[in-house]
Each structure stands twice: as C-alpha cells, then as structure tokens.
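Note that my numbering has the sequence shown beginning at 9, numbered continuously upward.
Virtual Cβ for every residue (Gly too), placed ideally from N, Cα, C.
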Amino acid sequence: MLVYYGVCTAVFGLIFGSFLNCVAMRIVRGEDFVHGRSHCMSCGHELSASDLIPVLSFLKNKGKCRYCGQRVSARYPVTELSFLILSVLLYLGIMIAGPEESIRELQFFKYWILTGCLFVLTLTDLESFEIPNGVLAAGLINWIFFTVLETVLRVHNLWWVLHHIIAGTAVGAAMLIMSIAITRVVGKDSMGGGDIKLYALLGLYLGYAGAYELVFLSCILGLIFAFARKKIIAGASKEFPFGPAIALSGYILIFFERYITEWYLRFL
Ligand SMILES: [Zn+2]
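Okay, structure coming up:
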C-alpha cells in the first residue's frame, strides 16, 4: 500500500511540480497563470498536451522546442524532478513517522500544499528576489483550512490553535525587530519583508519550539547557501535570496521538529 501510494505521489508530484514551476515563472514575468496557455519561451508557440508531459516530453524532444528547435531550459526537468523527490520524501516521512496516526493522510495534504507554496516562492526568490504575497496568502489559507478541519475533528484543541498563532506572530515580530536593528547598525537592508512574512507563516505551522528551530536552521542554511553561491557563481550579485534557506528549513522541520525538540528538551 505504501509503495502503491508512493508511486502515485511521485506521478502527481511530477505533474504538480510542473504546474508550480509554470506558476513561478509566470508570476516573475507578470503573466496570467490561470488562463494563459503554456507556450515556448523562445518562439511563443502554444504547447500541445503531449508537450506538457513533465520530463518525458523534454527527453523525447532532446531538450529542444519541437517548433523552433531552440534549447528548452533545463529548469523544467530539474524543477519537476525536485518536486517529485520532495513529494515522495514528504509522503514517506509522514506515513512512517508522522504525528497523529489517525490523520496522516490529512497531514500529508496539508504539508504537500505548504511544500508547493514553499517551492514556488523559492523559485521566484531565486529568480527575482521576490517572495510574492499571493503565495504566502495561499499558505495562510491552507493553514486556516486545515486548522479548522483538525479542530472540528478534535485533533487539536483551541489552545493548540492559540499557541500556533502566538508562535507565528512572535517569530514574525522577532525577525522584524532584528531586521530593523541590523539595518540601523549596518546601514543597509538585511532582510526583505517577504522573508519576515515567511517566518511568521511557518511559525503558524510549526508552533513555538519549531519557530525557534526554524530561525536557527535557516540562519545556518543561509550561511551555507551564501558561501556556496559565492564559490560557484563568480560575480554573484550582492543581493542574496534568503527565502530558499527559510523554505527548506521549514520543509525539514515538518518532519524533524518534534525529534529536535525532544532531543534538546533533555538538556534542560
Ligand atoms: Zn519554440
């Protein structure tokens, strides 16, 4: 059963990943992503259904556009496969070790949509240093929807809800104050408004302990990413996208928050 649903998750992960990549690209380019048809980025030719099969059509056409012969960016298969991997890991992580056994399927969908939001804002932040409000709003609506559902199903009580709202607000406020303080001292912007809102959003999902761990982990990952970027891209711009580090930390903590919390509570 686990294998069967795992394979389903992989297939849907690929399709969902392809869609999310398009959403990210259209947001950055200011295109309508609800109605606009998919088209080749070079010649503008509309793509048929068979051109839209993730990864496979890329392989079949040897990475070139069927109409104009221009190379298709490797971004498509890379993002599609990345989201496939993220989806399958999320599925296995929640089904094997997820909290609240009775509602693991529900948890999976809740975090899958969150992962989708994190994925889109990672792509837009990497490309244009922008974390779109619409994507953060989607993450917020998702949290509200599942929180109401889980409260109705008596998975959580109202204290849980209150605790998570306070955690989100607190981590958002803390990062805002820190960013203002750093800006005052250093004299230039340290963190974008999008980053701060992203912290607040993930604080809602992760709760109090998770929010601490999020700040910690994202700073470590941010330093590693910044260092790697400097090494790999010669003359990389001074502006650094911090969103991917926060997003990846949030994704990791979906699984590991309770283990990390248990681990360090032993030292208190
Ligand atoms: Zn073309």
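I'd like the list of long-range same chain contacts for residue i, defined as Cβ closer than 8 angstroms, with 5 residues on each side in sequence excluded.
i	result
F250	D133, M199, G200, D203, S226 and G230
I173	L212
E88	L22, G25, S26, N29, P62 and V63
L166	T159
R6	The question about residue 6 has no answer here: the residues shown for the chain are numbered 9 through 276.
A82	G71
Under three-state DSSP, which class holds residue i?
i	result
R112	helix
K205	helix
K72	strand
E138	coil
H171	helix
R266	helix
R79	strand
E54	strand
So residue i packs on residue j, CB below 8 angstroms; how close in whole Å?
i	j	result
L261	L222	6 angstroms
L214	I139	That belief does not hold up - the Cβ atoms of L214 and I139 are roughly 18 angstroms apart, past 8 angstroms.
L98	W151	Their Cβ separation, rounded to whole angstroms, is 16 angstroms, which puts L98 and W151 out of contact at 8 angstroms.
C51	C16	Contact doesn't hold; Cβ gap of about 35 angstroms is too wide.
A181	A219	Rounded, the Cβ-Cβ distance is 11 angstroms, inconsistent with contact.
Y119	I102	7 angstroms
V63	L28	Not really, about 14 angstroms apart at Cβ, beyond 8 angstroms.
L126	A18	Contact flag wrong, Cβ pair sits at about 19 angstroms.
L129	V143	5 angstroms
T123	Y13	Actually they do not touch by this definition, with Cβ atoms about 16 angstroms apart.
S46	L60	6 angstroms
P252	F233	7 angstroms
L131	A32	4 angstroms
Please work out which residues of its chain come closer than 7 angstroms, Cβ to Cβ, to residue i, disregarding the five sequence neighbours upstream and downstream, and give them in chain order.
i	result
S136	V36
F106	The residue you asked about is not Phe; residue 106 is Gly in the sequence shown. Excluding sequence neighbours, G106 sits near R112 and Q115.
S58	S65
L148	L209
S56	none
T191	D197 and S198
H171	G215 and Y216
A146	C125
V169	T155 and T159
So that I know if they touch, is there some Cβ in chain B lying closer than 8 angstroms to that of residue i?
i	result
I23	Here chain B cannot be found, since the structure has a single protein chain.
Just curious, the alpha helix (DSSP H) that residue i is in, first and last residue?
i	result
F20	L10 to V36
Near residue i, what residues of its chain come up, given a Cβ to Cβ distance below 6 angstroms and the 5 sequence neighbours on each side ignored?
i	result
K121	Note on residue identity: the sequence assigns Ile, not Lys, to residue 121. For I121, where only same-chain residues beyond five positions count, the Cβ hits under 6 angstroms are N150.
S95	T17 and G21
L184	I204
Q78	S50
A178	none
Residues surrounding ligand 1 [beta-carbon distance to nearest heavy atom under 7 angstroms]: C48, S50, C51, H53, C73, Y75, C76 and Q78
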